[in-house]
Amino acid sequence: MTKILKIFSAAILFCALSWNGEALGQSLPRAAKDVLDMNVSISCKDGDATFTITNKGEAWPGVGNLSVYTTGVAKLIHNRRMRLGAGQRVTFRVPGVAGDNPEFGLWVDTSWFKRDFSYDAKIMCS
Numbered sequence: 009m010t011k012i013l014k015i016f017s018a019a020i021l022f023c024a025l026s027w028n029g030e031a032l033g034q035s036l037p038r039a040a041k042d043v044l045d046m047n048v049s050i051s052c053k054d055g056d057a058t059f060t061i062t063n064k065g066e067a068w069p070g071v072g073n074l075s076v077y078t079t080g081v082a083k084l085i086h087n088r089r090m091r092l093g094a095g096q097r098v099t100f101r102v103p104g105v106a107g108d109n110p111e112f113g114l115w116v117d118t119s120w121f122k123r124d125f126s127y128d129a130k131i132m133c134s
């Protein structure tokens, strides 16, 4: 009975170690952090909004959608799909609508983890 219990215990231990790959000499890839370490700076010039996004962390493991909306009706007006390296910076300009003074909002939607929709930065250029 003791021998059966030892074999059963060893089988459970092997299954537990196999679950995370250690028993087979493997390790599973780590899940990417659910953190987006970036800096967004925004400015206005002649009614146009300029967005500069700097990746402050490690290289992005996947593509991000950098989207600019008018915030009143959340209308998409500009979209770029990019994968930023560590320390990489990207700048782009969004022309304003003369006389409307729209507020622009930037949201970075990541492909490697789910983020709830919330603007990462907003600006109103007049």
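Going by our numbering, the sequence shown opens with residue 9, and the numbers climb by one from there. Each residue gets a CB set at the ideal place from its N, CA and C atoms; glycine is no exception.
Among the options, nearest to residue i - alpha-carbon criterion
i: valine 80; options: Glu111, Pro69, Asp54 and Phe59; result: As written in the sequence, residue 80 is glycine, which differs from the valine given in the question. When each option's Cα is compared against that of glycine 80, the closest is Glu111.
i: cysteine 52; options: Lys64, Phe100 and Met90; result: Phe100
i: lysine 130; options: Asn63, Pro103, Ala57 and Ile85; result: Ala57
i: glycine 65; options: Val43, Asp117, Asp128 and Pro103; result: Val43
i: serine 119; options: Asn63, Arg89 and Gly113; result: Arg89
i: valine 48; options: His86, Arg97 and Asn87; result: Arg97
i: proline 69; options: Ala94, Pro103, Ile50 and Asn87; result: Ala94
Burial state of residue i (16 or more Cβ within 10 Å)
i: glycine 72; result: buried
i: aspartate 54; result: exposed
i: phenylalanine 121; result: exposed
i: leucine 92; result: buried
i: serine 134; result: exposed
i: serine 75; result: buried
i: aspartate 128; result: buried
CB contact below 9 angstroms: residue i versus chain B
i: asparagine 73; result: No chain B is part of this structure, which consists of one protein chain only.
Cβ neighbours of residue i in the same chain (closer than 8 angstroms, five flanking residues each side left out)
i: serine 126; result: Trp115
Contacting residues, own chain, Cβ-Cβ under 6 angstroms from residue i (five flanking each side not counted)
i: arginine 123; result: none
i: glycine 113; result: Tyr77, Thr79, Tyr127 and Lys130
i: histidine 86; result: Val76 and Val102
7 angstroms CB neighbourhood of residue i in its chain, flanking five on each side removed
i: lysine 83; result: Tyr77
i: threonine 62; result: Met46, Asn47 and Arg97
i: glycine 104; result: Gly55, Asp56, Ala57, Pro110 and Cys133
i: aspartate 117; result: Gly72, Asn73, Ser75 and Arg123
Any non-hydrogen atom of the ligand MG closer than 8 angstroms to residue i Cβ
i: leucine 74; result: Absence of the ligand MG from the depicted structure is noted, as is the absence of any ligand whatsoever, leaving it without description.
| field | Start-end ranges of the beta strand (DSSP E) lying completely within the stretch 58-122, minimum 3 residues | value | 72-78, 83-90, 97-102 and 111-118
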